[in-house]
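Read the structure below first, then the notes.
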Amino acid sequence: MTSYLARRAAQAIVVVIGVMIVTFVIIHMIPGSAARAALGVHATSSRVAIFNTTYGLDKPLYVQFADYVVALFHGNFGISYTLQQPVSTLIAQRLPGDVLLLGVSTVLAVAIAIPMGIYQAVKRNRLSDQLLDGVSFTLYTMPDFFIAFLLIALFSVQLHIFPPEAPAAATLGGMLADPRGLVLPIATLTVSNLAGYSRYMRSAAIDVLAEDFLRTARAKGLPERLVLSRHVLRNSILPIVTLIGLTFPNIVAGAVIAETVFNYQGMGLLFFQAATSHDYPVLLGTTLIIGAATVVGNLAADVAYGILDPRIRHGN
Amino acid sequence: MATSEVTPAAGAEAQQEVRRGTRTSPFRVWAANRRAQAGVAIVVALAAFCFLGPFFYHTNQVTVNLNDATLPPGPGHPLGTDGDGYDVLGRLMVGGQSSLELGFAVAIATTVIGTLYGAIAGWAGGIVDVVMMRVIDTFLALPTLVLLLILVTIFTPNLLMIIALLTALSWLGTARLVRGEVLSVRVREYVQAAKVLGSGRWWTIRRHLVPNALGVIVVSATFTVANAILMLSVLSFLGLGLPPPSADWGSMLTNGLDYLFDGYWWMVYPPAVILIVTLIAFNLIGEAARESLDVRLR
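Chains A and B, in that order, give the protein sequences.
Under the working numbering, the first residue of the first sequence carries the number 2, and numbering increases by one thereafter.
Under the working numbering, the first residue of the second sequence carries the number 118, and numbering increases by one thereafter.
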């Protein structure tokens, strides 16, 4: 177990370094356009030259990369071209909002998907299962932005219950002061994740239902309720842990969409605005955080799985 | 009672199904699957609608005509017109062409690149395999959408460019699957046995590797079609898709959403429905294919 974890951690570090190289190379594919993007197409060439010198863009790429890595270890992600603020400050401002958005929606999606999947597995191939399957299949294929607009059309335009805009405040306290604005962004991500999780949960529970230890549990006279809550639930929850780790990139992509639709002050919106304004330091910083979070998330899921599953915990 | 589901009778039935499964080719099982049939029927109908439809239903999809803008469905315009005066039904056909072309082009390119990469990594093994797989891990650590948005802001999008970018980001999954398949086939006992009996490398590839990997490849290609069409619609939604006057369902939907609050439903729901039906159709085909490969699920 320990050597396995050490190997996984070493792999994770390699991947994080890879992410740094990849984002750096992609973003510098067209040198010089950063200055044009920040200063406008009518900027004089001397202003462009000053911009490039100020941000170190006139140095060779490998020097820029080395500088960047050294700066990263000092917690310095650079200065935003458009917002004139340190990228680390911008990210630190937005991060709590994302933890709130992703955390709540993921917990909600799992909390609904688990009973839904077990229910469908028990009622396998009956009408209720097929109906729920049709619903989750449709939601699963639906683009996230369309889910968001359906929710807006229903709850904002028709029923006037929830506003179509997230709270304008960027701080966590400010967001929580306007809880009604949080409902639709969280609901969008919950629905979008729920569809995949419940389908996965259904098939995991079907596998568990066919296990020998369930026959034993029933044979020793355990009531069906306890069979489901003790044996089926506990055993089919395990793969969900891994699934959350693996689907983290999807969750992040969903957050970019949801934050753009609802104008939610999170890192996804920051990233999107940086992409459209060619704000390279912000793009680089947010992408790096997203990549690192994915790698750490996968690693954490592996570790959690090892702790939760006695077969792995005690094995070598 | 739920307990009856694990009686010995059910077990025997399952065994019988497995036995039948080993004799039937996965393709036949797939073709007999009602989900697969529905999916294929929808895709054929969609292709006919998009590529043959314009021959029978002539509309102007090139020049803006503001006199005819936002007309509700009625005679002459069965699905009304959009904010630029384009006929919505005719635009669905034209938009579908780029969506379907993109989906299939990305799937084919992805399959070729992913299969080659995965096969090489799996076959070479050792340090080559490790390096090649870490490269994939690196790209998979970043959401496709995030990488795509960065690339689209650097390269000016047109249909070919979006096909190239989506391919560059979609082959990773296929490569990983194919590599896994190659690795597992190499160590399977019947392949080892064949090797002991003197079968050559090409025999192993032709008789064992290709048939085993083919299913996985087909399944992943089907999902790639759906995913590419979805990604195009997301790009269009974010305003980074195909530039006008070219049309796709995603940009139609996005333009329509601007009018949603005015009650112009015919600009929103037709592209939304056709987009979602298309995605469902390809997912149905893919899921049925995956099920037909999994002997346990047959």
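Positions of the beta carbon are idealized from the N, C-alpha and C atoms, including for glycine.
Proximity of threonine 142 of chain A to chain B, defined by a Cβ-Cβ separation below 8 Å, is satisfied. Pairing proline 186 of chain A with leucine 102 of chain A gives a Cβ-Cβ distance under 8 Å. Listed in chain order, the non-local C-beta contacts of leucine 347 of chain B below 7 Å within the same chain comprise Leu396, local neighbours out to five positions each way being set aside.
Within the stretch 224 to 301 of chain B, the complete alpha helix (DSSP H) segments of 4 residues or longer fall at 243 to 257, 261 to 271, listed in chain order.
Take threonine 45 of chain A, set aside five residues on each side of it, and no residue of its chain has a beta-carbon closer than 8 Å to its own. Looking at the DSSP output, isoleucine 322 of chain B sits in no beta bridge, so it has no partner there. Contact check between the stretch 253 to 263 of chain A and the stretch 142 to 161 of chain A: three or more CB pairs, one atom from each, fall below 8 Å, which counts as touching.
DSSP places aspartate 280 of chain A in the coil class of the three-state scheme, outside both helix and strand. Proline 143 of chain B and serine 216 of chain B have their C-alpha atoms some 29 Å from each other. Excluding sequence positions up to five before and after phenylalanine 66 of chain A, its CB lies within less than 6 Å of the CB of Phe25, all in the same chain and listed in chain order. Around the beta carbon of glutamate 306 of chain B, fewer than 16 other beta carbons sit within 10 angstroms, so the residue counts as exposed.
Between aspartate 145 of chain A and serine 193 of chain A, the C-beta spacing is below 8 Å.
For tyrosine 386 of chain B, the uninterrupted alpha helix (DSSP H) run begins and ends at 386 to 410, by DSSP. For isoleucine 290 of chain A, the closest C-alpha among the options A/Thr3, A/Ile92, A/Gly175, A/Ala302 is that of A/Ile92. With contacts defined by Cβ atoms closer than 8 Å, threonine 321 of chain B and valine 335 of chain B do not form a contacting pair.
Restricting attention to alpha helix (DSSP H) runs no shorter than 4 residues, the stretch 195 to 248 of chain A encloses them at 213 to 220, 234 to 247, ordered along the chain. DSSP, reduced to helix, strand and coil, places proline 87 of chain A within a strand of the structure shown. Isoleucine 80 of chain A carries a strand assignment under DSSP once its states are collapsed to helix, strand and coil. For proline 260 of chain B, the closest Cβ of chain A is nearer than 8 Å. With contacts defined as CB atoms closer than 8 Å, tryptophan 240 of chain B and serine 409 of chain B fail to qualify as a contacting pair. For aspartate 204 of chain B, the three-state secondary structure derived from DSSP is strand. For valine 257 of chain A against valine 160 of chain B, the beta-carbon gap comes to about 29 Å, at or over 8 Å, which does not count as contact. Around aspartate 199 of chain B, no beta-carbon contact reaches into chain A at under 8 Å, the shortest distance being about 17 Å. C-alpha of phenylalanine 173 of chain B to C-alpha of proline 387 of chain B: approximately 19 Å in a straight line.
For phenylalanine 340 of chain B, no CB of chain A lies under 8 Å from its own CB, so it is not counted at the interface with that chain. The beta carbon of asparagine 251 of chain A sits closer than 8 Å to some beta carbon of chain B.
With respect to chain B, the C-beta atom of valine 23 of chain A has a partner C-beta closer than 8 Å.
Isoleucine 27 of chain A is not a Cβ neighbour of leucine 277 of chain B, given a cutoff of 8 Å.
Under the Cβ criterion of 8 Å, alanine 389 of chain B is counted among the residues facing chain A.
The Cβ of valine 351 of chain B sits closer than 8 Å to at least one Cβ of chain A.
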